[in-house]
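S.K.: In UniProt numbering, the protein residues as written are 1 to 413.
All residues carry an ideal CB built from backbone N, CA and C; glycine is no exception.
Just dropping this structure here.
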């Protein structure tokens, strides 16, 4: 259900919530932005309902279709209101509502699934009620109803609508390609290997999510800051922030790789412990995927989303080319390597586009050195050779990074 909802979401909403946040920041008439976002979300619900009802003909339990439609709707509204709340600079309220929504879903999940023994329906109901709680809080805390307009002719500008759609529509295939990219390795492993291999691979992916979490926390503030910068200042601001961002992400990456086996002893049961060997390669993949997201933010801030689409498409094609051969050769390790190669391909293409369009100057020698260091560290960890060298490298790099931060703080005083 959740996978289907994620797949349907960008298609039927036209990824309009991204446009609502981007245009809401720079546009004076906030009510017009919200009106467009709300109208497209509601209109998109019509074909979704029709297609779902048609699919219901082939499903015995029609309640599944009903749950799917309701879950899609409440999540779409939540996403829209969350994006708009960011646009009107109420990020603290948005963070509070998001936290309370997640907490409500968790508590209701425990009550309905563990307490009342409602099974999967309990999970669906808790998702619906939790998201409804979030929607209500957007009205109570953020007073989002004040931005709604009933006069659609004055509330929706045709030019603004077309401009927002030109921004959001290229993000639809981008979202789908990312979904395919992140799922292709598991599909290939399921088809060509055993269930146990897929289980090990899925288990190994839990550790790199630590890096994804660090990245998502940073991105909450970063995207808004970049959107609010003027076009003339954006490139310099991007380069200055990237120096610190890339250092932080690299420190976290080498740290996770260094401790991958240790973390595995605590996170994995005995039967899944061998999954730790996939963690270094998967973590490097997440590192470059995070950089891709950071680079992509420059295109979205500049409203050049077509480059987001073309670069992501490149990564998907590369993944399709390498996935099956590498899985046949190396199993789960082959899948991890194929995913890493695809993320690297996106990274290279986006850096090339940035240099050409925005005249961004990145020191590619440093990026190449980091890549080599990550490969060497992964090799030493996997072969369990010279562990003290890896430890020394991680400690020295982190000390140098901290001293760099302290020097910059002193120079600002």
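1. For residue 208, does the count of other Cβ atoms within 10 angstroms reach 16, so buried, or fall short, so exposed?
2. For residue 160 and residue 29, what's the separation of their Cα atoms in angstroms?
3. Under DSSP, the alpha helix (DSSP H) around residue 173 begins and ends at which residues?
4. Rounded to the nearest angstrom, what separates residue 62 and residue 252 at their Cα positions?
5. When DSSP labels each residue in this structure, what does residue 89 get in the three-state scheme?
6. Under a three-way DSSP split, which group does residue 31 fall into?
7. By DSSP, does residue 331 sit in helix, in strand, or in coil?
8. DSSP three-state label for residue 419, please.
9. What would DSSP say about residue 213, mapped onto helix, strand or coil?
10. Starting from residue 22 and walking both ways along the alpha helix (DSSP H), at which residues does that stretch end?
11. To which residues of the same chain is residue 373 closer than 6 Å at the C-beta, ignoring the five residues directly before and after it?
12. To the nearest angstrom, report how far apart residue 165 and residue 77 are at their CA atoms.
13. Distance, Cα to Cα, residue 283 vs residue 257?
14. CB-CB under 6 Å to residue 10, same chain, minus the five flanking residues each way: which ones, in chain order?
15. Would you mind giving the Cβ-Cβ distance between residue 114 and residue 203, rounded to the nearest angstrom? I have them listed as a contact below 8 Å.
16. So, using beta-carbon positions, are residue 211 and residue 316 closer together than 8 Å?
17. Give me, in chain order, the residues of the same chain whose beta-carbon lies closer than 8 Å to that of residue 296; leave out the 5 immediate sequence neighbours on both sides.
18. For residue 135, which residues in the same chain have their Cβ closer than 7 Å to its Cβ, ignoring the five residues on either side in sequence?
19. Output the distance between the C-alpha atoms of residue 377 and residue 95, rounded to the nearest integer angstrom.
20. In terms of alpha-carbon separation, which member of 363, 354, 345 and 57 lies closest to residue 181?
21. Would you mind stating whether residue 201 and residue 278 have Cβ atoms separated by less than 8 Å?
22. Please specify which runs of the alpha helix (DSSP H), each continuous and at least 4 residues long, are wholly inside the region 253 to 338, giving them in chain order.
23. Throw me the rounded Cβ distance for the residue 238 and residue 366 pair, which I believe falls under 8 Å.
24. Would you say the region 103 to 123 touches the region 42 to 62, given that touching needs at least three Cβ pairs under 8 Å?
25. Once the 5 residues before and after residue 97 are set aside, which same chain residues still bring their CB inside 8 Å of it?
26. Within a Cβ cutoff of 6 Å, which residues of the same chain sit near residue 334, ignoring the five residues on either side of it in sequence?
27. Of the choices 130, 294, 93 and 244, whose alpha-carbon is the least far from that of residue 110?
28. Return helix, strand or coil for residue 243, following the three-state DSSP convention.
29. Can you check whether the CB of residue 37 is closer than 8 Å to the CB of residue 20?
30. Could you check the C-alpha separation between residue 414 and residue 158 for me, to the nearest Å?
31. Return helix, strand or coil for residue 385, following the three-state DSSP convention.
32. Can you give the beta carbon distance from residue 301 to residue 227, rounded, assuming they're within the 8 Å contact cut?
33. Can you check whether the CB of residue 343 is closer than 8 Å to the CB of residue 264?
34. Look up residue 208 in the DSSP assignment and say whether it is helix, strand or coil.
35. Could you work out which residue in 347, 356, 381 and 385 is closest to residue 368 when comparing CA atoms only?
M.R.: Taking the structure as given:
1. For the purposes of this step, residue 208 is taken as residue 208 along the chain shown, with counting starting at 1. Buried is the call here.
2. As a working note, residue 160 is residue 160 in the chain shown. As a working note, residue 29 is residue 29 in the chain shown. Straight-line Cα distance between these residues: approximately 11 Å.
3. One-based indexing of the chain shown puts residue 173 at position 173. It spans 171 to 192 - the alpha helix (DSSP H) in which residue 173 sits, taken as one unbroken run.
4. Numbered from its first residue, the chain shown carries residue 62 at position 62. Numbered from its first residue, the chain shown carries residue 252 at position 252. Rounded to the nearest angstrom, the gap between the Cα atoms of residue 62 and residue 252 is 47 Å.
5. Stepping through the chain shown from its first residue, residue 89 is reached at position 89. Annotated three-state conformation of residue 89 is coil, per DSSP.
6. Mapped onto the chain shown, residue 31 falls at position 31. Of the three classes helix, strand and coil, the one that applies to residue 31 here is helix, per DSSP.
7. Numbered from its first residue, the chain shown carries residue 331 at position 331. It is coil, neither helix nor strand.
8. For residue 419 there is no data in the structure shown, the boundaries of the chain being 1 and 413.
9. Along the chain shown, one-based indexing puts residue 213 at 213. Residue 213 sits in a helix when the DSSP states are folded into three classes.
10. To locate residue 22, count along the chain shown from 1; it is residue 22. Counted as a single uninterrupted DSSP element, the alpha helix (DSSP H) harbouring residue 22 occupies residues 16 to 26.
11. Stepping through the chain shown from its first residue, residue 373 is reached at position 373. Same-chain partners within the cutoff: there are none.
12. Indexing the chain shown from 1 puts residue 165 at position 165. Indexing the chain shown from 1 puts residue 77 at position 77. Going from the Cα of residue 165 to the Cα of residue 77 covers about 18 Å.
13. For the purposes of this step, residue 283 is identified with residue 283 of the chain shown, where counting begins at 1. For the purposes of this step, residue 257 is identified with residue 257 of the chain shown, where counting begins at 1. Near 7 Å, if we compare the C-alpha coordinates of residue 257 and residue 283.
14. The sequence position of residue 10 within the chain shown is 10, counting from 1. Closer than 6 Å at the Cβ level, and outside the excluded window around residue 10, lie 172 and 175.
15. If you number the chain shown from 1, residue 114 lands on position 114. If you number the chain shown from 1, residue 203 lands on position 203. No, residue 114 and residue 203 are not in contact; Cβ-Cβ is about 23 Å, not under 8 Å.
16. The residue you call residue 211 lines up with position 211 of the chain shown. The residue you call residue 316 lines up with position 316 of the chain shown. With contacts defined as CB atoms closer than 8 Å, residue 211 and residue 316 fail to qualify as a contacting pair.
17. As a working mapping, residue 296 is identified with position 296 in the chain shown. 308, 311 and 350, listed in sequence order.
18. Here residue 135 refers to the residue found at position 135 of the chain shown. Within the same chain, Cβ atoms closer than 7 Å to the Cβ of residue 135 are found at 74, 77, 78 and 81, the five residues on either side in sequence being excluded.
19. Taking the first residue of the chain shown as 1, we reach residue 377 at position 377. Taking the first residue of the chain shown as 1, we reach residue 95 at position 95. CA-to-CA, the gap between residue 377 and residue 95 works out to about 37 Å.
20. Counted from its first residue, the chain shown places residue 181 at position 181. The option with the nearest alpha carbon to residue 181 is 345.
21. Taking the first residue of the chain shown as position 1, residue 201 is located at position 201. Taking the first residue of the chain shown as position 1, residue 278 is located at position 278. By the CB criterion at 8 Å, residue 201 and residue 278 fall inside the cutoff.
22. As for any alpha helix (DSSP H) of minimum length 4 sitting wholly inside the region 253 to 338, the runs are 260 to 267, 279 to 301 and 306 to 330, ordered along the chain.
23. Against the chain shown, residue 238 aligns to sequence position 238. Against the chain shown, residue 366 aligns to sequence position 366. No, residue 238 and residue 366 are not in contact; Cβ-Cβ is about 16 Å, not under 8 Å.
24. Judged by Cβ distances under 8 Å, the region 103 to 123 makes no contact with the region 42 to 62, as fewer than three pairs qualify.
25. Position 97 of the chain shown holds residue 97. Here the set comprises 82, 85, 134, 137, 138, 141 and 142.
26. Mapped onto the chain shown, residue 334 falls at position 334. The beta carbon of residue 334 lies closer than 6 Å to those of 326 and 327 in the same chain, with the five residues before and after it left out.
27. Position 110 of the chain shown, counted from the start, is the residue given in the question as residue 110. It is 130 whose Cα lies nearest to the Cα of residue 110.
28. Taking the chain shown and counting its residues from 1, the one referred to as residue 243 is at position 243. The three-state reading of DSSP puts residue 243 in helix, counting H, G and I together.
29. To locate residue 20, count along the chain shown from 1; it is residue 20. To locate residue 37, count along the chain shown from 1; it is residue 37. Result yes, Cβ atoms of residue 20 and residue 37 sit closer than 8 Å.
30. Only positions 1 to 413 of the chain appear in the structure, and residue 414 is not among them; the question remains open.
31. Position 385 of the chain shown, counted from the start, is the residue given in the question as residue 385. Coil, per DSSP.
32. Reading the chain shown from its first residue, position 301 is the one you call residue 301. Reading the chain shown from its first residue, position 227 is the one you call residue 227. With a contact defined as Cβ atoms closer than 8 Å, residue 301 and residue 227 qualify at about 5 Å.
33. Taking the chain shown and counting its residues from 1, the one referred to as residue 264 is at position 264. Taking the chain shown and counting its residues from 1, the one referred to as residue 343 is at position 343. No; because the gap between Cβ atoms is not below 8 Å, this pair is not in contact.
34. Position 208 of the chain shown holds residue 208. Three-state result, residue 208: coil.
35. The count along the chain shown starts at 1 and reaches residue 368 at position 368. The shortest Cα separation from residue 368 among 347, 356, 381 and 385 belongs to 347.
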